[in-house]
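Working notes for the structure below.
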Amino acid sequence: MYRKTYACIDGKILEENTKEIIKKYNHYQYYFGVVKNNAYHHGIRVVQNLIKEGINYLAVSSLEEALEIRKYNVEIPILVLEPINLDYIDDAISKKITLTVDSLDYLKQLNKMELAYSLLIHLKIDSGMNRLGIKTRKELNDVMKWISKNDKLYLEGIYSHFATTGVHDIYYDKQLSTFKEITMDVDLTTIPIVHLDRSLTLVTHEKLDFVNGVRLGIVLFGFSGSRKKSTGIKNALREMKRNWYLKRHSVSKTILENDLNLRTAFSLYSEVISVRKVLKGEVVGYNATYKVKNSGYIATLPVGYADGVTKEFGCVVIHKKRFPIVADSMDMIMVLVDKSVKCKDKVEIFGDTISIREVTSKLGINAYHLFNQISNRVPRVHMESDEEFEVKY
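Going by the numbering used here, the sequence shown opens with residue -18, and the numbers climb by one from there.
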């Protein structure tokens, strides 16, 4: 790398997370690794780590992402979760990509095409999220009839997506009921893969008896979704209110805590490229936003909001000591330091000392947003045992 700003991705941690999840939730046949958006910006290379410990199907958002995975693994099944442009159907077939059919109209377009080879498809059911999917029982019945007339289409799966966890609301149960109503005339036991749950519903609900697949996303990357019970009078009252709500609306059993032992594999580093003495009263950065209160030192780091890092991150760690970020720009941030800091010192933006949870709390976002915020111009250095591989995406 030409500048020492990089994300470190620990493949061993991802393997341990995958092994831990499958060991605890071992009642499924198909474990989908959701690796959309460059594996949540960890880098698509990590599919090798996930597959090694039991992920046996991958899911992505686009055909482009599926084809990128094929550079690393040519055999594992890959489901594209969004309907693709059928102009590129041959690319999907040639690379053994599984497609999502989300409507009767889309299926009719597919049926008009002369397919050279068989094509695997999964049906997406809109159980209430109103984003994609077959929305009525009649539409699904019509879809099933059309599929039965095309010997080049193999119905491998059927699935839906829960909008909420159902821990504090009624919508999980509503969506589940809607899914059952839409699929009422379909014998789900004849469909090889049925998958509804995602990371956060996997850990908050018992396994549904008619499913054999689960989609694992953020949980693979270190977030268990466990909710520790808080103490204190206010929290006790809040819990009483929640229990009353759940009982009133007959909400199904939910699980707040789990004992998954997961770690985050993504850490972010930079280095000091400049240290300058500043005097009391001087200003730092654009718009003179920071005024020096006492004479000291400003360290400049080659990372900025173009990389996804802003002064709202709060601080960085140098020599195991925290220093405040006082100004930012597109390509650099400025940090108030002491005289112990020198050029070329390594800087932790988040990692062992500053956790991802701490950063997300400061920014008021979740881990999904933080991972995707760190731009692809930041090289990913993949750690594999004692080896390192730098990959630019």
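We put the beta carbon where it would ideally sit given N, CA and C, even for glycine.
Nearest neighbour of residue i, chosen from the options [CA to CA]
i	options	result
F247	L237, Y267, I199	I199
T185	L237, L177, S205	L237
F191	L169, D123, L(-5)	L169
S75	L91, Q90, N353, A47	A47
G138	G277, D150, T171	T171
L67	Y53, Q90, E49	Q90
K325	V298, V290, E252, I306	E252
E293	I299, K301, I306, T281	I306
D150	K52, K222, D319, D240	K222
F13	D86, D83, V175, S99	V175
Y(-13)	Y250, E45, E95	Y250
A73	V61, N216, D333	V61
G133	Y21, K209, Y98	Going by the sequence as given, residue 133 is Lys instead of Gly. Among Y21, K209, Y98, the Cα nearest to that of K133 belongs to Y98.
E63	H103, D333, K(-15), I50	H103
P58	K327, K215, V28	V28
K301	S310, T270, K77, T334	T334
K126	I(-10), L85, V297	L85
S43	V298, V16, V55, V322	V16
M254	L88, K323, E263	The question names Met, but residue 254 in the sequence shown is Ile. Ranking L88, K323, E263 by Cα distance to I254 puts K323 first.
K(-15)	K327, H350, Q354, D367	K327
K5	L183, S321, N92, L113	L183
K119	V167, K320, L96	V167
G289	L113, V359, Q354	Q354
Span of the beta strand (DSSP E), counted from its first residue to its last, around residue i
i	result
L317	314 to 318
F247	247 to 252
H176	174 to 176
T341	Looking at the DSSP string, T341 is not in any beta strand (DSSP E); the run it does join, the alpha helix (DSSP H), is 337 to 344.
D309	302 to 309
Residue range of the alpha helix (DSSP H) that includes residue i
i	result
T159	152 to 163
D(-9)	Counting along the chain, D(-9) falls outside any alpha helix (DSSP H), though it belongs to the beta strand (DSSP E) covering -13 to -9.
K17	17 to 21
T182	180 to 183
I375	This structure does not reach residue 375, given that the chain is present from -18 up to 374, and the question cannot be answered.
E49	44 to 50
L351	348 to 354
E187	Premise fails: E187 is in no alpha helix (DSSP H) and is neither H nor E.
L91	85 to 92
L31	28 to 33
E120	118 to 129
Close beta carbons around residue i, own chain, < 8 Å, minus the five adjacent residues each side
i	result
N(-2)	V200, L201, F202, G203, L243, R244, A246
N37	Y11, Y12, I57, P58
Per-residue burial, residue i [other beta carbons within 10 Å of its own, 16 or more giving buried]
i	result
F370	exposed
E329	buried
H23	buried
G147	buried
L260	exposed
N400	The chain is shown from -18 up to 374; residue 400 falls before or after that span and cannot be answered.
K52	exposed
D309	buried
M(-18)	exposed
G206	buried
Y87	buried
Y226	exposed
K105	buried
I214	exposed
V372	exposed
A280	buried
L218	exposed
D367	exposed
Contacts around residue i, its chain only, beta-carbon distance under 7 Å, and the 5 residues preceding and following it disregarded
i	result
D312	P283, G285, A287
E365	G(-8)
A348	I199, F204, I337, T341
K209	E238
I70	M94
N275	K261
K155	G109
I78	L44, A47, I59, V61
Own chain, CB closer than 6 Å to residue i, minus 5 neighbours either side, in chain order
i	result
E34	E(-4), T(-1), K0
K116	D107
Q10	N193
E49	I25
Y271	V265, V307, A308
F160	I106, S108, S141
Assumed close pair residue i, residue j - CB separation to whole angstroms, cut-off 8 Å
i	j	result
H8	K188	5 Å
R257	Y278	7 Å
A40	R196	6 Å
Y423	L100	The question about residue 423 has no answer, for the chain in this structure spans -18 to 374.
A144	G109	7 Å
F352	Y21	5 Å
L241	I2	7 Å
I299	V318	7 Å
L121	I163	5 Å
N131	N92	6 Å
Beta carbon proximity, residue i to chain D, threshold 8 Å
i	result
D154	The structure shown contains no chain D; it holds only a single protein chain.
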